[in-house]
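Q: I have a structure here, written as structure tokens, and I will follow up with some questions on it.
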Amino acid sequence: MSDIPPSGVFMPKLPDDLLFRIFIHCDAKTLIRVQATNHFWMESLSTQEFVAEIENCWRKRGCSLFGHFGHNDESRRSSDWIIKMSSHTGQRFPATLPFLMTQQGWFDVVGIDKGVFYMRYSSVGVVSNLVAWNPISRRKFVISDHIHEIGDETSFLLAFLYFPKTVNYAVVSIYLELGDNPRTVFTLFNSSVRSWSPPLECPPYVRRLDPQYVTVNRIVFWATWSHSNETEFPPYIVSFSPLTAEFQQLPLPGEALTTCHTLLNRDGHLCIAINDHNFQAYNSVIWQPDVVNEEIVWTKLFEVGGNGPSFIPAVMVENDVIHVLERHVEVNDEEGVEFTHIHLRRFYSGCGRRTLLWANYEGDVKLRSVNTFYESFYPV
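Just so it is clear: in the sequence shown, position 319 is 328 by our numbering, and no numbers are missing.
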């Protein structure tokens with residue numbers, strides 16, 4: 010009898026349904042390799058149904074919140090930092106940036122997609138890079154170097170999203186182009202050719218006033234309002250599709266015409282959280298738009314009020330709401346001490362709530378953004 014093992018082993022053909030159940034538990038590297046084998050698997054493993062199955066499986070493994078904190082004083086922007094905590098208990102874990110910062114440096118959390126961070130940063134304060142980072146595997150890669158044509162001061166939207174049914178991604182940048190005739194333009198970074206498209210002019214109503222956005226069904230949404238000379242127009246929502254390069258404007262309900270807005274993604278549905286407040290009290294409401302007979306109908310999903318100067322919904326985790334309370338206190342004594350209270354609470358769908366974080370920070374600290382991070386999404 011020969012000790013030489015056989016060169017191959019017969020494997021029976023598995024049904025496609027069983028293969029799908031196996032692929033749900035595979036990492037991104039394996040899925041990409043399978044997608045590259047033929048057109049059938051490219052289509053089958055890129056459908057929204059398959060991605061939803063992966064998300065339902067991996068959501069059970071835990072979710073964290075990444076908070077981006079920083080000082081209001083722009084001269085201290087290089088002292089920004091991030092904090093990771095459990096979205097259920099509020100327990101905090103060590104978190105470090107994947108790059109070194111200098112006194113002139115800064116960074117912005119562009120967003121989190123399938124467990125991968127996307128950050129725009131500069132270590133010297135002049136030229137910016139866009140980097141992708143997986144905190145689990147501690148791997149990072151630079152998406153595009155030296156985004157000098159966008160500029161650090163004029164770039165006011167930088168969104169990351171995948172093209173459907175492919176492994177390619179796009180970076181959407183909308184910014185103010187300075188010159189004799191300033192105009193708002195957009196450009197796309199395509200992963201297949203790894204270059205930026207020529208700038209194209211945006212419609213007159215496209216504006217961007219803060220770094221927050223949300224992607225729903227591969228479309229980018231953000232809340233904004235326009236200024237024309239001395240006239241201020243009510244806030245509204247703008248959407249952009251990188252596949253068709255088309256913009257749309259979505260008006261808000263009359264009760265939502267306030268100055269504090271947070272866009273949310275609730276199980277594939279766009280929602281907007283609005284906040285009406287003063288120094289004594291606040292009232293926060295979450296609305297969801299739906300198309301009924303070709304008209305937009307707004308439904309009120311959540312409402313909470315209380316005492317405090319500012320109470321703004323930040324993120325949604327499995328239909329639960331994470332709220333942020335910021336209070337900036339100035340002590341008028343000889344030392345002139347300033348400090349910040351930041352209070353995070355999670356409201357459960359069963360009307361329960363849990364305090365996640367209550368912290369005091371020296372100086373006037375702002376919570377720039379809160380992002381959800383699922384621990385096992387595409388662990389490349």
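C-beta: ideal position from N, C-alpha, C; glycine also.
Given this structure, state the Cα-to-Cα distance separating D161 from L353, to the nearest angstrom.
A: In this prediction, D161 scores a pLDDT of 46, lower than 50, which makes its location untrustworthy; no coordinate-derived value is stated.
Q: Anyone know if the C-beta pair for T271 and P322 falls short of 8 angstroms?
A: Yes, these two residues count as a Cβ contact at 8 angstroms.
Q: Helix, strand or coil: how does DSSP classify H155 here?
A: With a pLDDT of 44 at H155, under the threshold of 50, the predicted position of this residue should be treated as unreliable, though the coordinate-derived value follows. Here H155 sits in coil by DSSP.
Q: Cutting at 6 angstroms between CB atoms, please list the residues of its own chain near D89, excluding the five before and the five after it.
A: Taken in chain order, the residues that qualify are G79.
Q: What residue ranges within the segment 40-114 form continuous beta strand (DSSP E) runs of no fewer than 3 residues, ordered along the chain?
A: For the beta strand (DSSP E) assignment, the uninterrupted runs of no fewer than 3 residues enclosed by the segment 40-114 are, from N- to C-terminal side, 72-80, 90-95.
Q: Are the beta-carbon atoms of V379 and G76 separated by less than 8 angstroms?
A: Taking C-beta atoms as the reference points, V379 and G76 count as a pair closer than 8 angstroms.
Q: Within this structure, are the beta carbons of A179 and L197 separated by less than 8 angstroms?
A: yes
Q: Going straight from the alpha carbon of L170 to that of V118, what length do you get?
A: Between L170 and V118, the C-alpha separation is close to 14 angstroms.
Q: Can you tell me the Cβ-Cβ gap for M51 and Q57, rounded? I've got them flagged as a contact below 8 angstroms.
A: About 14 angstroms separates the beta carbon of M51 from that of Q57, a gap too long to meet the 8 angstroms contact definition.
Q: Could you pull the start and end residues of the beta strand (DSSP E) that I295 belongs to?
A: 290-301
Q: Restricting to Cα atoms, I'd like to know which of S201, F320, S248, D299 is closest to D285.
A: Ranking S201, F320, S248, D299 by CA distance to the CA of D285 puts F320 first.
Q: Might you give, ordered along the chain, the residues of its own chain that have their beta carbon closer than 6 angstroms to the beta carbon of G99, omitting 5 neighbours on each side?
A: Answer for G99: L365, L366, listed in chain order.
Q: Over what stretch of residues does the alpha helix (DSSP H) that includes L27 continue unbroken?
A: 25-32
Q: Quick one: give me the first and last residue of the beta strand (DSSP E) that L197 is part of.
A: 192-199
Q: Could you work out which residue in G317, V338, C280, P318 is closest to L310 when comparing CA atoms only?
A: L310 has its Cα closest to that of C280, out of G317, V338, C280, P318.
Q: Could you tell me the distance, in whole angstroms, from the CA atom of S73 to the CA atom of E335?
A: In this model, S73 and E335 are separated by some 20 angstroms (Cα to Cα).
Q: Specify, as a first and last residue, the run of the beta strand (DSSP E) that S378 falls within.
A: 374-383
Q: Give the straight-line distance between the Cα atoms of P67 and N292, rounded to the nearest whole angstrom.
A: The amino acid at residue 67 is misidentified as Pro; the sequence shows Trp. One alpha carbon belongs to W67, the other to N292, and they sit about 34 angstroms apart.
Q: So, with DSSP's three-state summary, where would you put E210?
A: strand
Q: Which value, in whole angstroms, describes the spacing of the CA atoms of P208 and F356?
A: 43 angstroms
Q: Check whether the Cβ atoms of N274 and V223 lie closer than 8 angstroms to each other.
A: Here N274 is near V223, since their CB atoms are less than 8 angstroms apart.
Q: Just list the residues that DSSP pairs G149 with in beta bridges.
A: Contrary to the premise, residue 149 reads as Lys rather than Gly in this sequence. W142, per the DSSP bridge assignment.
Q: Taking S137 as the reference, which of S250, H97, V300, M110 has the closest Cα?
A: Per the Cα distances, M110.
Q: How long is the line joining the alpha carbons of E339 and E371, rounded to whole angstroms?
A: 11 angstroms
Q: Around the Cβ of I2, are there at least 16 other Cβ atoms within 10 angstroms (buried) or fewer (exposed)?
A: A question about residue 2 goes unanswered here, because the residues of the chain that appear run from 10 up to 389.
Q: Ignore the nearest five residues each way along the sequence and tell me which others in L23's own chain have a CB closer than 7 angstroms to its CB.
A: none
Q: By the 10 Å Cβ neighbour count, where 16 or more other Cβ atoms means buried, how is C211 classified, buried or exposed?
A: buried
Q: Hey, how far is the Cα of D25 from the Cα of D276?
A: 27 angstroms
Q: Relative to the alpha-carbon of R205, which residue among N81, P260, L139 has its alpha-carbon at the smallest distance?
A: Per the sequence shown, residue 205 should be read as Trp rather than Arg. When only C-alpha atoms are compared, the closest one is L139.
Q: Might you give, ordered along the chain, the residues of its own chain that have their beta carbon closer than 7 angstroms to the beta carbon of G71, omitting 5 neighbours on each side?
A: Closer than 7 angstroms at Cβ, skipping near neighbours: E384.
Q: Does the Cβ-Cβ distance between K375 and N47 come in under 8 angstroms?
A: no
Q: Classify R147 as buried or exposed, calling it buried when 16 or more other Cβ atoms lie within 10 Å of its own Cβ.
A: exposed
Q: Report yes if the C-beta distance between V215 and I183 is below 8 angstroms; otherwise report no.
A: Between V215 and I183, the C-beta gap is smaller than 8 angstroms, which places the two residues in contact.
Q: CB S132 to CB F150, shorter than 8 angstroms?
A: no
Q: For K38, which of helix, strand or coil comes out of DSSP?
A: Note: K38 maps to helix in three-state DSSP.
Q: Which residues share a DSSP beta bridge with P260?
A: Paired residues: Y245.
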